[in-house]
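Following: one structure in structure tokens, then a few remarks.
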Amino acid sequence: MSDLTIDSVATTILDVPLVRPHKFATTSMTAQPLLLVEVRTRGGVVGFGEGVVPGGPWWGGESVETMQAIVEKYISPVLLGRRVDDVTGIMRDIERVVANARFAKASVDVALHDAWARSLGVPVHTLLGGAFRTSVDVTWALGAASAEEIIDEAQQKLDAKLNFSFKLKMGALDPGEDTDRVVRIARALEGKAGVRGDINARWDRLTALKFLPRLAEGGVEMIEQPTPADQFEVLAELNALLPVPVMADESVQTPHDALEIVQRRAADIIAIKTTKCGGLKKSAEIAAIAKAAGIACHGATSIEGPIGTAASIHFACSEPAIDFGSELFGPLLFDDELLQVPLRYENGQVHLPEGPGLGVELNMDAVKTWTRN
Ligand code: MG
């Protein structure tokens, strides 16, 4: 076996253009910034991880710029000279020098898994216990555009058999208008596709009490994170009130957050992003808590590029607790292909890439094209 000692850690920021602006509750992006983390061993094996947040620090306080500083100045010294198969020990020791910063830690956790698996000549899912499936359902997210535009785009996706459920990003418009818009979309797609609403924690309790029942009556099949992340009691109240499942996203970033959700029965589904949760190991801890409580899990996204998405596919295909599909569509929003062989999306699913490590190979010319100067 090659020498597993970590010899270097390098970071690169990319700005990859999107096929169309992606609108969130408080911001819109035309290019997605990605932090590529490269871990190289003395044996010459290279593993990649991706630091990525949805469009900037509005979601959780981190950005590619903060992640680059944290990884280079504070995390890299913990890694150098250690073996890539010492992931448990390394991630524990990182906790001693860096609090929170889970998106940054996830980029390192994934790069270590990729390099470790490549050193052994096995896929990352083997390190996670093996893949029990080779594909996972993918829902498609639609922004704050008009009902007509959204219905058009959804119909195209349905006709092409690319997706069979849709998540509407809400919270940017007036709540009444936003509710009417989404109910019109749900009615237009009734019987053809499921429609879900993600409010990204933008409504207060009274707004949620007023409009969420209208969304549920209007045919919206699931409500994601309507109210602020730390208000677990409000989420629990809404979950008890609504006839449709509530999904916690911003509220669950740590295993302890998952425990709070379980104890309060504050959600029926937990959105697990391998990025926001701090990597593959922490995501598995959250999945275990949810599974033990009979709470479903969704393979969620922070609009990762192909490296981050591949990591989440390996996780979803080796973790039965991810039993409420996924939204691992990130690379489809990018206007350039960063891989030598693209990830395979068909029939409403994304497929587990084959090969050692994450099973994907970067096209370094494309990486160079979008590297920030
Ligand atoms: Mg969300």
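For the sequence shown, this note's numbering begins at 2 and goes up steadily by one. In this text, a Cβ means the ideal position worked out from N, Cα and C, and glycines have one as well. Computed from a prediction, not measured in an experiment: that's the story for all the values here.
A check of alpha carbon separations from residue 86 across 210, 115 and 59 identifies 115 as the nearest. The nearest non-hydrogen atom of the ligand MG is less than 7 angstroms from the C-beta of residue 250.
Annotation for residue 369: no beta strand (DSSP E) segment contains it, though the alpha helix (DSSP H) segment containing it runs 365-370. In terms of Cβ geometry, residue 305 and residue 53 form a close pair [threshold 8 angstroms]. Counted as a single uninterrupted DSSP element, the stretch harbouring residue 187 is not any beta strand (DSSP E) but the alpha helix (DSSP H) occupying residues 176-189. Per DSSP, residue 169 is one residue of the beta strand (DSSP E) stretching across 166-170. Contact between the region 68-76 and the region 249-258 is not established, with fewer than three Cβ pairs separated by less than 8 angstroms. Using a Cβ distance threshold of 8 angstroms, residue 271 and residue 243 do not count as a contacting pair. With distances taken between CA atoms, residue 130 lies nearest to 315 out of 328, 330, 59 and 315. Distances from the CB of residue 201 to the heavy atoms of the ligand MG include at least one below 7 angstroms. Straight through space, the alpha carbons of residue 163 and residue 41 are spaced by roughly 37 angstroms. The beta carbons of residue 65 and residue 22 sit no closer together than 8 angstroms. Fewer than three Cβ pairs drawn from the region 106-115 and the region 135-146 lie within less than 8 angstroms of each other, which leaves the two stretches out of contact. Closest in alpha carbon position to residue 349, among 358, 333 and 76, is 333.
In the three-state scheme derived from DSSP, where H, G and I count as helix and E and B as strand, residue 254 is classed as coil.
Around the beta carbon of residue 310, 16 or more other beta carbons lie within 10 angstroms, which makes this residue buried. Between residue 265 and residue 234, the CB-CB gap stays under 8 angstroms.
In its own chain, leaving out the 5 sequence neighbours on each side, no residue places its CB closer than 8 angstroms to the CB of residue 153. With the rule of 3 Cβ pairs closer than 8 angstroms, the region 167-174 counts as touching the region 187-204. When DSSP states are grouped into helix, strand and coil, residue 156 belongs to the helix group. Under the 10 Å beta carbon count, residue 81 is surrounded by fewer than 16 other beta carbons and is classified as exposed.
Taken from the Cβ of residue 254, every heavy atom of the ligand MG lies 7 angstroms or farther away.
DSSP places residue 49 within a strand segment (E or B) once states are collapsed to three.
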